[in-house]
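Below you'll find the structure, written out as structure tokens, and then a few comments.
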Amino acid sequence: MTVTRRWEFAGRDGAVAARSWRHPEPRYLAVLVHGYGEHLGRYEHVARALLDHGATVVGVDHAGHGLSAGERVLVADFEDRVADVHSLVEDARADHRDLPVVVIGHSMGGMIATRYAQLHGEGIAALVLSGPVLGRWEALEAMRGLDEIPDVPIDPSTLSRDPQVGRAYADDPLVWHGPFKKVTVEAWARCLDAITRHGSLGALPTLWVHGEDDRLVPYEGTAVGIEAVRGTDLTERRHAEARHEVFNETNSDEVLAEVTAFVDRVLSAPAR
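In the UniProt record's numbering, the protein residues as written are 1 to 272.
Encoded structure:
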């Protein structure tokens with residue numbers, strides 16, 4: 001029987017809301033790292049797929065997101081978000097010390113997950129990146145050049161070909177529908193630069209999944225960042241016509257099957 005737990009812990013910028021889906025006999029620990037302006041509640045179906053695959057799943061709402069404390073979408077330093085994820089992983093591993101850890105990050109969460117892997121890669125078995133913000137993001141560069149960022153919300157139609165995904169996003173009170181904040185934009189640029197300067201992920205098995213019709217985080221810009229961190233074990237999956245949220249796309253079952261097949265390959269391989 002699945003046991004779901006919710007709790008809070010003291011993060012770098014206040015109370016962080018955490019959640020777990022506990023498998024009775026887990027094969028691995030999956031850590032979900034959500035994207036900008038959203039929250040972990042949008043990943044229920046991802047958690048269930050991983051749970052069915054034999055994982056205990058954990059994740060947080062980043063500070064300033066979802067049910068966590070903090071000014072909405074304000075990030076002064078993304079290293080603090082990385083530290084919060086590390087606190088979550090350390091807490092989860094207290095009960096599962098011998099389980100391999102797979103970190104799965106989407107969009108902004110893909111950036112956070114990549115930085116986490118650079119700093120704590122010795123403690124994880126694999127990294128999965130979904131439409132990650134890495135390398136060159138033209139939207140960020142444009143916002144950095146503005147004195148005042150306009151109050152233009154993310155277009156829900158850019159998330160998925162499934163219109164229900166966009167409607168649910170637009171109607172979700174825990175999703176941030178306001179403008180980007182200058183402090184966050186500058187912190188984002190610093191984090192991207194730190195990731196690029198740090199460089200290769202080494203031998204860490206990494207799966208990169210991206211929609212070819214991703215208009216929020218275009219493939220070409222992310223590819224620049226992937227080249228900067230590319231290690232010796234990178235698997236790339238591009239999905240024709242898919243938009244930004246490949247886990248919420250019309251072929252999400254196919255995408256999640258790619259993730260679980262990748263995890264199976266990693267778990268069956270000899271220890272690094």
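Here a beta-carbon is modelled for each residue, glycine too, at the ideal position from N, C-alpha and C.
Excluding residues up to 5 positions away in sequence, Arg19, Ser20, Trp21 and Arg22 lie with their Cβ nearer than 8 Å to the Cβ of Thr4 in the same chain.
By the neighbour-count criterion, in which a residue is buried when 16 or more other Cβ atoms sit within 10 angstroms of its Cβ, Glu245 is buried.
Contact annotation: Arg144 and Val89 have beta-carbon atoms that are not nearer than 7 Å. Tyr116 is a Cβ neighbour of Val82, given a cutoff of 7 Å. A distance of 7 Å or more separates the beta carbons of Gly14 and Ala76.
With 16 or more neighbouring CB atoms inside 10 Å of its own CB, Arg243 falls in the buried class.
Just so you know, the alpha carbons of Pro100 and Tyr28 end up roughly 5 Å apart. Arg265 carries a helical assignment under DSSP once its states are collapsed to helix, strand and coil. Restricted to the segment 163-214, the beta strand (DSSP E) segments that are unbroken, complete and at least 3 residues in length are 206-211, listed in chain order.
Taking a contact as a CB-CB distance under 8 Å, the pair Asp162 and Thr260 does not count as one, their CB atoms being some 21 Å apart. At a Cβ-Cβ threshold of 7 Å, Thr232 and Leu134 do not count as neighbours.
Excluding residues up to 5 positions away in sequence, Pro156, Ser157, Leu159 and Ser160 lie with their Cβ nearer than 7 Å to the Cβ of Gly166 in the same chain. Nearest to Pro26 by C-alpha distance, out of Val46, Asp52, Gly199 and Ala269, is Asp52. The beta carbons of Leu40 and Leu127 sit no closer together than 7 Å. Per DSSP, reduced to three states, the secondary structure at Thr222 is helical.
Excluding the 5 residues flanking it on each side, Ala49 has same chain C-beta neighbours closer than 6 Å at Leu256, in chain order. In terms of CA proximity to His210, Glu258 leads the group Gln164, Gly202 and Glu258. Looking at the DSSP output, Val246 shares a beta bridge with no other residue. Per DSSP, the unbroken beta strand (DSSP E) holding His106 starts and ends at Val101 to His106.
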